[in-house]
Amino acid sequence: MRLTYWMYEGTAHHGVGRIANSLKKVHAVFHAPLGDDYTLPIHTMLERTPDFPHATTSLVTGRDLAQGTNRLPLTLKQVEARFKPELIVVCASCSTILLQENLQQAIDTADVQTPVMLYDANPYRMTETESSDRLFTTLVRRFAKAQPLTERPSVNFLGPISLGFHVRSDVIAMRRMLNVLGIELNVIAPLGASLSDLERLPAAWLTIAPYRETGQEAARFLEREFGTPALLETPIGVEPTLRWLRKLVEMINEIGARKGAKPLQMPPLQAFSLDGLSAPSSLPWFSQTADMHSFSQKRAFVFGDATRTVAIVKLLRDEIGAQIAGAGTYLVKHADWVRKELEGYLPDELLVTEAFQDVAKRIEAERPDIVCGTQMERHSCRKFDIPCMVIAPPTHIENHLLGYYPFIGFDGADVIADRIYTTAKLGLEKHLIDYFGSAGLDDENDEKSAKSSTSSITVPKEVATSCTESNTSKQECRSQNEGFNADAQTKQSTGTATEANAARTEVEWTEDAQRLLKSVPFFVREKAKRNIEKYARENALWLITPEVVRKAKEHIGA
Amino acid sequence: MQNDHTIIREDNAIHSFCGLASVGWLYQKIRNSFFLILGTHTCAHFLQYALGVMIFAKPRFAVAMLEEADLSKDYVNLKPILEEIKADHHPSVIFLFSSCTPEVMKVDFEQLARSLSTPELPVLFAPASGLEFAFSQSEDSVLQALLPFCPIAEPSDKRVVFLGSVNDAIADDFRREAEALGIPVAGFLPENHLRDLPPIGAGTIVAPLQPYLAKVAMRISRERGAKVLSSLFPFGPDGTRQFWEDLAKEFGMAVNLREREAAAWERIRKHTELLKGRRVFITADSLIELPLARFLKSAGAEIAEVSSVYINKKFHAKELECLRGVRIVEQPNFHRQVSDMQVQPPDLVITSLMTANPLIGKGITVKWSMEFVLMPLHGWSGTVSLAELLTRPLLRKAHLPEFDASVWTMNAMPSSA
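Sequences listed follow chains H and E, in order.
The C-terminal position of the first sequence is numbered 549 in my numbering, with every residue numbered one higher than the one before it.
The C-terminal position of the second sequence is numbered 1572 in my numbering, with every residue numbered one higher than the one before it.
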C-alpha cells in the first residue's frame, strides 16, 4: 500500500475504453460501481467528442450485491439497442473483479445478437497502457485475415489511439510523408479503424508501428502470422526521420522486387516540406546558428513514457547539442528497452518510477536548465522555477489544442525544437546579460530571488511568486498556498531530502557575501548559490564570506 | 400529503461520479482536515482527472492505494500512511473515506477508524463508495461523522443550525440575513474548524441548505431531537423567500418577504424572459435537480423531465409539491432519456460532464450540472448567478454563427478519424 494522489497511468479499464473509443462500432461495457466511468469525461471533455464515447457502465450497487442481481445481461441489451455495435468488450473493474463472478455466464444468458468478448484486464496486474495494447493485439489476432497484398505499395500505421499524445497531428504528419513517397495507407489502427479494417491488415506490404506503447505487439503478430514486415523505429527528430524514410523505401522496394513492381525513389527532400520548395525541417540549420551555441551548456532532464523519452533524449543531445542531465520513465515494464536505447546517453542510471515525488526530487537535486516531462513535471518545475515542456502523456487539455503540432516526422522536429527554444530561458539574451549586466531586470527580481538571509528556501514565497508570475488562476494559488501553510515544517516541497540536509549543516551567509551573490545574474543566481553552498559544506566552511564565494567560484569555474 | 405524487422509477443506468467527488469541496471547506481514501489506482486516477489534481498538486486529500499484495491480507495497516500524512500536513482531523474495493473486501471501516483515532487527531469514517453513493451524497456521510463533535445544546437553546457546506461568503450572508430577521444563529454544520461546530439539541432548528443531506438531517432529529425545517431549499427568489418565511415561522415570527422576492425576480427579469416557455430537461447527476427544476418552473420554463439519483419524499416534500404535474424520474435510464430528447428536442438540457459535449454534438443546448453544486448560488445573493448559469448557454448559442455539425465536427470523433 502506498499514499498517492497523482498517477501517470490510468486503470486497466481506461485502456479498454481508449481502444473501444478508437474503433468504429466497438463498445466497452464496464461491470462496475457508479463512478467508474469517470473515464468518459476524459474523452468528452479533453478530446471534445461530439458523440457519446463507446463505453457504458453496467452498474453494480450494494443492493445488487446483497440480492445477487447482475445487470450485465440487461446492460448488454440496452447497449446493443442504443449503439448498435459490431462487438461489445466486457471487463470488470478493480472492485468487481474481487467478486469472482462468472461474467461469461452472465454474458451467455444475455439475449443479444452482437458478439460479446470478455476481456480479462486485471487492474491489479496491469494499467492503462498495457491493457489497451493487449486488447488491441487480441482484436488484431481475432479479426486479421490472410489475403493478397494490395496492388500498389501500402502500409498499416498501427499505434494512434484515442487520447493519444498529439496523435491527430502525428497521423497528418504520417499521411503527408507517405503521400510524398507514393505509399498508400492501408489501415490506421486503432484510431478510426473498423473491425473490417482490422480484417484487411494483412493486405498491407508492411506495418509501421512507431510507438512502443501501442501497436508494436500487433505489428509483430502480423509479421509472424502473415509475413507482413514491421518497421518499429520512431521517426522523431530529423536524423531518425531520414533513417526511417530510407529504411521504409528499402523495405517497400524489397517487397516490390518480389512482386516485380517498379522501385520507389526517395524524392528530393524539399518534397517533404509544406510548400514543396523549402528544407523539410528548419532544425538542422537552426542548430548550426550562433544563437544556439548556448545550448551546448544547457542540461536537460527528460521524463515520460518510453517512446518519447528515448526520442527526446536523442533529439536533445544529437540534434540540439544539449547535455543530458538525466532521464527516466514511468513505464516500468518498458524500462529495459529505454535503458538499452539510451545506452551512452545518460550520465547515470535511468530513473524508473511511478511516483511523481521521486521525479520531483531528482529534478530539484539536478537543477537542469530545461525539463522535458509530463504535465506533472511541468507542475513540479513551476515550484522550482525551472522551465519545463511537456513531451509525453498522460493526456491533458493542453495536448488537445486546435493547431497542427505533430511530434513525428520533419514537421514534428520543428514543433519540438520550437518548444525547446521558447521554453528554455534566453538564448542570445543570456549572453548579453552576461556581458552587460541585467539591464535593470535584477531589481525586479530582487524581491523574488534574494529571499532571506538564511540558506533554506521558503517554499510558500516561491509558490506565491510562481502564481503571480504566470497566468495561474486565483483558485490555483489559493489551493497551492493552502497546502503549504500549515506550519514551517510543511513548507518543504515534495523533494525535501536535499533541503533537510542543507538545514542540518547550517551554512550561513554574511551580508557581504550576499551582496556578492546579488551580482550574479538572477537567472543563474540560484544555481550559483547552491554550488557555493555545496563547496562550503564539502570544505566545512560554515560561514560563507566573500572570500568563500571567490574560492568557490575559482573551484567550480563559475 | 405529497405522497400521492408520482415518481417514476427506472433502472439507474446513469452517468455520474461516485461519492468520492465531495472531497473536492469539503477539503477546502473544513480547514486543517485531510481526506484519506482507502481505495485503488482507479480512485486515485478519478480524483486526478475529476478534481484537477494536476493543477494543485499538493491537496489535502490522497488515496491509500491498495495493491495486489494487500488484497490477501486480513488487515489493513494504515498507520505508516497516517504518519506520512501527519508529517506532511499536520491535520487536526482526518476523514477516512471508504471506496468500492475495500467495501467488497468487507474492511471494517468503523473499527479501522477507531483504531487509528486519537484524542489529538480524530480519524472519522465516512462511507463514500460508488456502490452506495453518488456524487454529492458523501457530504452527508461526512456531516454524520462530524455530528458527535457538535456539543449537545440545552433544550432551551432555540437557535438555527444551517446544514450543508457553503463557502464563507454565503455563510456570512445567511448569518446576517437570519440576524436581521431576528432569528438566532447557533452556526453551520460544517464549520471551517472542528472546534467551531455548533451545539445541537432538542431546541435546535436545522435548516438544510443542500438537497443531498437527507440522512444526516434525519439522524440529527433522531439523535438530538432537533427539528428539521421543512421548506424549499434556498435557491432562487421563490425558494429563498419560502425558506426564510418558514424558518421565521419556527421562531414564532410571521415574516412576509413577497416584496423582496418580487425585487429579486425583477433583478433577473432579462433572464427569466429568456427562460419563459423553454423546455428544459434535467438528467440525474448531482442531486440538486429538484430545486433547480422548481426554480426553472417558477421562472416560467417548462420542465420536460426532471430526474435525480435519489429522491427522499420527506426531505424533498416541499420541492415535490411545487413540481406537481412535472414528470419526475428517480434513478432514470439515460438511454431512454437520450431517445426522448431525440424525439422531442428540449431547448436546454442540464447534464453531467461526461454527457454534455456529445449532446451538444447532437444539436442540443447544454449546461453542466456540476456547476450548480460548485458555484455559490444560495439565497438572495446567489440569484443572479443562478439565472446567469441557466441562460448563458442559450445566449451563447444565439450569439455564435450558425453551426453545421456535419462540417465542423468532421473527424472530431476518434472513431471517425
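Don't be surprised by glycine CBs; every beta carbon is placed ideally from N, CA and C.
As the structure is a prediction and not an experimental result, all values here were calculated from the model.
Item to check | Span separating the alpha-carbon of residue 1337 of chain E from that of residue 1327 of chain E | outcome: 15 angstroms
Checklist entry - Any idea if residue 467 of chain H is buried or exposed, counting beta-carbon neighbours within 10 angstroms, 16 or more meaning buried? => result Model confidence at residue 467 of chain H stands at a pLDDT of 37, short of 50, so the residue's coordinates are unreliable and nothing is read from them.
Checklist entry - Quick one: is residue 1530 of chain E near chain H, going by C-beta distance under 8 angstroms? => result no
Checklist entry - Just curious, the alpha helix (DSSP H) that residue 117 of chain H is in, first and last residue? => result Neither: residue 117 of chain H is in no alpha helix (DSSP H) and is coded neither H nor E.
Item to check | Residue environment, residue 325 of chain H, which counts as buried when at least 16 other CB atoms sit within 10 Å | outcome: buried
Checklist entry - DSSP on residue 1197 of chain E, reduced to helix/strand/coil? => result helix
Item to check | Three-state secondary structure (DSSP) of residue 315 of chain H | outcome: strand
Checklist entry - Under a CB-based cut-off of 8 angstroms, is residue 1171 of chain E close to chain H? => result yes
Item to check | the region 139 to 157 of chain H touching the region 183 to 203 of chain H, judged by at least three CB pairs closer than 8 angstroms | outcome: yes
Checklist entry - So residue 1435 of chain E and residue 1505 of chain E are in contact, right, with Cβ under 8 angstroms, and what is the actual spacing, rounded? => result 7 angstroms
Next on the checklist: What are the residues in the region -1 to 15 of chain H lying within 9 angstroms of chain E by C-beta distance?
Outcome noted: 0, 1, 2, 3, 4, 5, 9, 11, 12, 13, 14 and 15
Next on the checklist: With three or more beta-carbon pairs closer than 8 angstroms as the criterion, would you say the region 1441 to 1459 of chain E touches the region 1518 to 1529 of chain E?
Outcome noted: yes
Item to check | Residue nearest to residue 1165 of chain E in terms of C-alpha spacing, selected from E:1551, E:1462 and E:1493 | outcome: E:1462
Item to check | Closer than 7 angstroms at the beta carbon, the chain E residues around residue 53 of chain H | outcome: 1286 and 1287
Checklist entry - Beta-carbon of residue 1306 of chain E versus every beta-carbon of chain H: anything under 8 angstroms? => result no
Item to check | Cβ separation of residue 1290 of chain E and residue 1441 of chain E, assumed to be a contact under 8 angstroms, to the nearest whole Å | outcome: 5 angstroms
Checklist entry - Which stretch, first to last residue, makes up the beta strand (DSSP E) that contains residue 22 of chain H? => result 17 to 23
Item to check | Proximal residues, the region 1497 to 1515 of chain E versus chain H, C-beta separation under 9 angstroms | outcome: 1507, 1508, 1509, 1510, 1511, 1512, 1513, 1514 and 1515
Checklist entry - According to DSSP, is residue 54 of chain H helix, strand or coil? => result helix
Next on the checklist: Only counting the same chain, and skipping five residues up and downstream in sequence, which positions put a Cβ closer than 6 angstroms to that of residue 410 of chain H?
Outcome noted: 380
Checklist entry - Can you name the residues of chain E whose CB is closer than 7 angstroms to the CB of residue 29 of chain H? => result 1172, 1201, 1204 and 1205
Checklist entry - Count the other CB atoms within 10 Å of the CB of residue 1234 of chain E; is the residue buried (16 or more) or exposed (fewer)? => result exposed
Item to check | Listed by chain order, chain E residues near residue 50 of chain H by CB distance under 7 angstroms | outcome: 1167 and 1168
Checklist entry - Do residue 377 of chain H and residue 363 of chain H have their CB atoms nearer than 8 angstroms? => result no
Checklist entry - Buried or exposed: which applies to residue 483 of chain H, given that a residue is buried once 16 or more other Cβ atoms fall within 10 Å of its Cβ? => result Interpretation of residue 483 of chain H is limited by its pLDDT of 30, a score under 50 that renders its predicted location unreliable; the figure taken from the coordinates is listed afterwards. So residue 483 of chain H counts as buried.
Item to check | C-alpha distance - residue 1404 of chain E paired with residue 81 of chain H, whole-angstrom precision | outcome: 56 angstroms
Checklist entry - Does any C-beta atom of chain E lie closer than 8 angstroms to the C-beta of residue 85 of chain H? => result yes
Checklist entry - Rounded to the nearest angstrom, how far is the Cβ of residue 190 of chain H from that of residue 6 of chain H, given a contact under 8 angstroms? => result In fact, because the Cβ distance is near 23 angstroms, the residues do not count as touching under 8 angstroms.
Checklist entry - Near residue 402 of chain H, which residues of its chain fall below 6 angstroms by C-beta distance, leaving aside the five closest residues on each side in sequence? => result 164
Checklist entry - Once you ignore the five residues that flank residue 357 of chain H on each side, which residues in its own chain have a CB closer than 8 angstroms to its CB? => result 290, 292, 316 and 317
Checklist entry - Residues of chain H with CB under 7 angstroms from residue 1225 of chain E, in chain order? => result -8
Checklist entry - Between residue 1426 of chain E and residue 1543 of chain E, what straight-line distance do the alpha-carbon atoms span, to the nearest angstrom? => result 7 angstroms
Checklist entry - Relative to the alpha-carbon of residue 95 of chain H, which residue among H:109, H:89 and H:88 has its alpha-carbon at the smallest distance? => result H:109
Checklist entry - What residue does the alpha helix (DSSP H) around residue 1542 of chain E start on, and which one ends it? => result 1534 to 1554
Checklist entry - Which class does residue 221 of chain H belong to by DSSP, given the choice of helix, strand or coil? => result strand
Checklist entry - Within the chosen definition, does the region 1181 to 1198 of chain E reach the region 1233 to 1247 of chain E through at least 3 CB pairs nearer than 8 angstroms? => result yes
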